[in-house]
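Here the sequence shown stands for residues 0 to 187, where the numbers follow numbering that gives the first Met the number 0.
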Amino acid sequence: MLCDAEASNKTALAKRDRGQRKRLNSMAINRQPREDLMKEATAYDRRVKLRDAGAGEIFVGLRAQRGWSIYFGEDPVFQFNTESQLRRVHFNEQNYAAENGKLLLLQRSQVGGHVELMRTFSEAAQQKIRRDCLNRLGILLGAIEQRSIEVLDQFPADENLLRQVEERLREVVRNYTVATVPHATQSG
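This is the structure in structure tokens:
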């Protein structure tokens, strides 16, 4: 009798695990609206939410080590390392990561019950991301220089974060580079 109970218990656990995996997979596939980055993105020790008439709301998160990210709403998102090199991108609902100076599309695929991360390169996609990134950052930089940008919220409240954002934007616009690794620091 004990063997039947153990078998029944193992079957129940296996079904539960499959159900949890299905929920986890569906959560990854079905994107949820982004959280309130001003409150929840605590990995950024400095955060600012901006509004530009042309681009809508923009979130910029700055790290103490000089890595930073910029969110144009839900999409696109550009993440930069400590050298202001592009390291990760969320663009047109797809994720890209830097590898050896190129942006590779990251796609999950299921093979034989295992999830694998596929990396593919497209020169056309890389050029489209480059144009979009430089265009958006250039427009935002111009709006900051012309003082036509509105600061909606920032943390900490007593720093001139707009000046820091302006400096980072200027670095990227002047010298757009894709990182060699997708990490916040070049050494990984």
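All C-beta atoms in this analysis are idealised placements derived from N, C-alpha and C, irrespective of residue type, glycine included.
Output the boundary residues of the alpha helix (DSSP H) element that contains D131.
First-last of the alpha helix (DSSP H) with D131: 122–144.
Quick one: residues in its chain with C-beta nearer than 6 Å to the C-beta of I69, no 5 flanking neighbours on either side, listed in chain order?
Excluding sequence neighbours, I69 sits near V59, F77.
By how many angstroms is the C-alpha of G137 removed from the C-alpha of E149?
Put simply, the backbone Cα of E149 is about 17 Å away from that of G137.
Contact belief for K188 with E56 at Cβ below 8 Å, rounded distance in angstroms:
Summary: the structure shown does not reach residue 188, with the chain confined to residues 0 through 187, and so no result is reported for it.
Just how far apart, CA to CA, sit A142 and R46?
The straight-line gap from Cα to Cα measures roughly 18 Å.
With DSSP collapsed to three states, give me the class of R45.
Strand at R45.
Spatial distance of T179 from D35 (CA atoms)
Near 30 Å, if we compare the C-alpha coordinates of D35 and T179.
Could you tell me which residues DSSP pairs with Q153 in its beta bridges?
Partner residues in the beta bridge of Q153, as assigned by DSSP, are V47.
Enumerated in chain order, which unbroken segments of the beta strand (DSSP E) with a length of 3 residues or greater are wholly contained in the stretch 43–118?
Restricted to the stretch 43–118, the beta strand (DSSP E) segments that are unbroken, complete and at least 3 residues in length are 45–51, 55–61, 67–71, 76–79, 85–90, 93–98, 101–110, listed in chain order.
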